[in-house]
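The sequence shown: position 239 = 1638 (this note's numbering), numbered continuously.
Idealized CB from N, CA, C, for every residue including glycine.
Beneath this line is the structure, given in structure tokens, with notes to follow.
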Amino acid sequence: MTRRLLLSYLSLILLVLLALEVPFGYVYARGQLSRFSNAAQQGAAMLAEVFEEKVEDGAAADIADLARRYARRTGSRVLVTDRKGLVLTDTARATAVGTDLSARPDIALALRHRPTSGTGRDPAVHGDAFSATVPGTSGPKVRCAVRVVSSLAALQGKIHDAWLALAGVGLGVLAAVTFIASALARWITRPVRALEHATAQLADGSLTDPPATDFGPPELRRLACAFTRTASRLQHLLRAQEAFASEASHQLKTPLTSLRLRLENFEPHLDPRVQPSLDEAVAEVERLSRMVQGLLALARLENSGTTPEAVDLDAVVADRAATWTAFAAESYVDITVTGPRLGSVLAVPGGLEQIVDNLLSNALRVSPPGTSITLARAHGPDGPELHVIDQGPGMTEAERNRAFDRFWRASDADHDGTGLGLPIVQRLTRAGGGDVTLRPAPERGLDAVIRLSPAEQSRIAPARRSRTATAPRSR
């Protein structure tokens, strides 16, 4: 932002300088050329008067001497012809005396009493020159023609020096404006940089260095004050929510455990006919416990600012497959791992293990005996992918679209699910920079596709091993 402000200031000043200096330079150059041409024409006219008198008095011999003295004094070339256009003298000695120049346009016009002037190149003065050709007249009679050619080198050098002076002044102004604008831009953007730093801290979970409110423009000071109040309020609410989640976890676990124990203690004293009701009550208490655990897990995920780290996907897949093989064997279901090694991926600490546990739990619940669950690794178009494929009944498109809604369960699902497993999977996957989708399996069943972000090998973190699968057993 500082550079953009500085560039805007300098661009504005540059436009102002160009709008002022360029027209001034052109006006100055035209003025100098106009004064130079007027002086050259006046000098040529004075010479023409003098030479006309010499020709009239018959003192043509003095013309060459006068022309040489004028040429040495002014650094110009003087050429004089008589009334017939024959050269009387040429100070540059480029044209011999007696040469007929009556056919030359400027001489011909001067002999007809019409003076001319203009710029061009003349070999005798080496470069651009201004020429003035005037008639020497006595009344209506033209007695001679005088052509004075003056070099423009000195005038061009003067104009060039003026342009250099203007450029120097412009550069000096730009340098001064750069220094002042840089200080002004830093003063304006300093509160913005402080706000950016504070916003990054708040996004990471804690504002430890609030922006100062005693420097910068008044508007930005008020903005910093409002941001600090908002951040303090937000941090207070987040701490209160985290404290509630922690307190609720402690307060709810104990009465639920106590309720389950009391229900189980009733079993020896109850009539066998009410045993099914007792079993249903215990199952509902267990389901309520799992629901509480799922809600608290989601609350911790939403409140935490955990930074993703590199985790060895292959190690996690192998570990979780080995852990779940024993559970799957009880239901006569196989778990297989296929595909190439994918290396390290980004995931929140412990998140990848929970993702695989949740998906394996759901797949095992719907897999018929004699089928298999496949953990297929693949290189997808957007990075590493892990597919958890079962051979169960699958889900319709409408069910797949709602599967990640909290507390939603399929119409044919059993009653021990909580509807929080897949939302937790989605939240954990996105927290690591990936995503999860559901689609039909190639043959039958469901294919849960986990898209992950690759990570550098040097940042691989060890896979976290868990002894048992504790993920909610529901979609």
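Q) Under a three-way DSSP split, which group does A1584 fall into? A) Looking up residue 1584 in the sequence shown gives position 185. DSSP places A1584 in helix when its eight states are reduced to three.
**Q.** Reduced DSSP category for A1777 - H, G, I as helix; E, B as strand; rest coil
**A.** Your numbering for residue 1777 matches position 378 in the sequence shown. Residue state, collapsed to three classes: strand.
Q) Counting Cβ pairs, one atom from each stretch, are 3 or more of them under 8 Å apart for the stretch 1537 to 1549 and the stretch 1402 to 1416? A) Flag = no, the stretch 1537 to 1549 and the stretch 1402 to 1416 do not touch.
(Q) Going by the DSSP bridge assignment, what does T1515 pair with across the sheet? (A) Here the question's residue 1515 lines up with position 116 in the sequence shown. DSSP output for T1515 lists T1532 as bridge partner(s).
Q. Leaving out five residues before and five after S1501 in sequence, what residues of the same chain have Cβ atoms less than 7 Å from its Cβ?
A. Your numbering for residue 1501 matches position 102 in the sequence shown. Only K1483, G1484, A1507, L1510 meet the Cβ criterion.
Q | From A1574, G1535, L1413, G1844, residue whose alpha carbon lies closest to that of Q1440 | A | For the purposes of this step, residue 1440 is taken as the residue at position 41 of the sequence shown. Nearest C-alpha to Q1440: G1535.
Q: Please state whether DSSP places A1879 in a helix, a strand or coil.
A: Any property of residue 1879 remains undetermined from this structure, which presents the chain solely from 1400 to 1874.
**Q.** Endpoints, the beta strand (DSSP E) within which P1748 is located
**A.** Taking the sequence shown and counting its residues from 1, one reaches residue 1748 at position 349. Counting along the chain, P1748 falls outside any beta strand (DSSP E), and DSSP gives it neither H nor E.
Q: Please confirm whether V1732 and I1788 have their CB atoms less than 8 Å apart.
A: Translated into the one-based positions of the sequence shown, residue 1732 becomes position 333. Translated into the one-based positions of the sequence shown, residue 1788 becomes position 389. Their beta carbons are not under 8 Å apart, which means V1732 does not touch I1788 by this criterion.
Q) Since D1505 is in the alpha helix (DSSP H), which residue starts that stretch and which ends it? A) In the sequence shown, the residue the question calls residue 1505 occupies position 106. Run containing D1505: 1504 to 1510, per the alpha helix (DSSP H) assignment.
Q.
So, for V1524: in the same chain, excluding its five sequence neighbours on each side, which residues have a beta-carbon less than 7 Å away from its beta-carbon?
A. Residue 1524 sits at position 125 when you count from the first residue of the sequence shown. R1476, V1548, S1550, listed in sequence order.
Q: Return the residue from the list V1755, T1836, G1750 that minimises the CA-CA distance to M1794.
A: Locating residue 1794 in the sequence shown gives position 395, where the first residue counts as 1. Of the listed residues, the one whose Cα sits closest to M1794 is T1836.
Q. Ordered along the chain, which non-local residues of its own chain (more than five positions away) have a Cβ less than 6 Å from that of A1443?
A. By one-based count along the sequence shown, residue 1443 stands at place 44. Cβ within range, chain order: A1531, V1533, V1545, V1547.
Q: State buried or exposed for A1602, treating a residue as buried only when at least 16 other CB atoms are found within 10 Å of its CB.
A: Walking along the sequence shown from the start, residue 1602 turns up at place 203. A1602 is exposed by the Cβ-count criterion.
Q) Per DSSP, what kind of secondary structure is V1524 in: helix, strand or coil? A) Mapped onto the sequence shown, residue 1524 falls at position 125. Coil at V1524, not helix or strand.
Q: Count the other C-beta atoms from every protein chain shown that fall within 10 angstroms of the C-beta of H1512, then say buried if there are 16 or more, exposed otherwise.
A: Counting from one through the sequence shown, the residue named residue 1512 turns up at place 113. The residue is exposed, with fewer than 16 neighbouring Cβ atoms inside 10 Å.
Q. With C-beta atoms as the reference, is A1840 less than 8 Å away from D1834?
A. Along the sequence shown, one-based indexing puts residue 1840 at 441. Along the sequence shown, one-based indexing puts residue 1834 at 435. Judged by beta-carbon spacing, D1834 lies beyond the 8 Å limit of A1840, meaning their Cβ atoms are not closer than that value.
Q | Which listed residue (P1853, Q1431, A1746, D1711) has its alpha carbon closest to that of A1781 | A | Position 382 of the sequence shown, counting from 1, holds the residue named residue 1781. In the sequence under discussion, the amino acid at residue 1781 is Asp, which differs from the Ala named in the question. For D1781, the nearest C-alpha among the options comes from P1853.
Q) Quick one: Cα of T1867 to Cα of A1720, how far? A) Sequence index remark: in the sequence shown, residue 1867 carries index 468 (1-based). Sequence index remark: in the sequence shown, residue 1720 carries index 321 (1-based). Residue confidence is low: T1867 scores 37 on pLDDT, short of 50, so the model does not pin down where it sits. No coordinate-derived value is stated.
**Q.** Alpha-carbon spacing of R1843 relative to N1800, whole angstroms
**A.** Start at 1 with the first residue of the sequence shown, and residue 1843 comes out as number 444. Start at 1 with the first residue of the sequence shown, and residue 1800 comes out as number 401. Looking at the backbone, the Cα of R1843 and that of N1800 are separated by about 18 Å.
Q: Provide the residue span of the beta strand (DSSP E) that contains G1782, from first to last.
A: Translated into the one-based positions of the sequence shown, residue 1782 becomes position 383. Run containing G1782: 1782 to 1788, per the beta strand (DSSP E) assignment.
Q. Using the beta-carbon count (16 or more within 10 Å), is R1402 buried or exposed?
A. Locating residue 1402 in the sequence shown gives position 3, counting from the first residue. Exposed.
Q. What span of residues does the beta strand (DSSP E) with K1540 cover, start to end?
A. Taking the first residue of the sequence shown as 1, we reach residue 1540 at position 141. Element bounds for K1540: 1540 to 1550.
Q) Where DSSP assigns a beta bridge to P1707, which residues make up the other side? A) Position 308 of the sequence shown, counting from 1, holds the residue named residue 1707. Answer by DSSP bridge pairing: none, since P1707 is not bridged.
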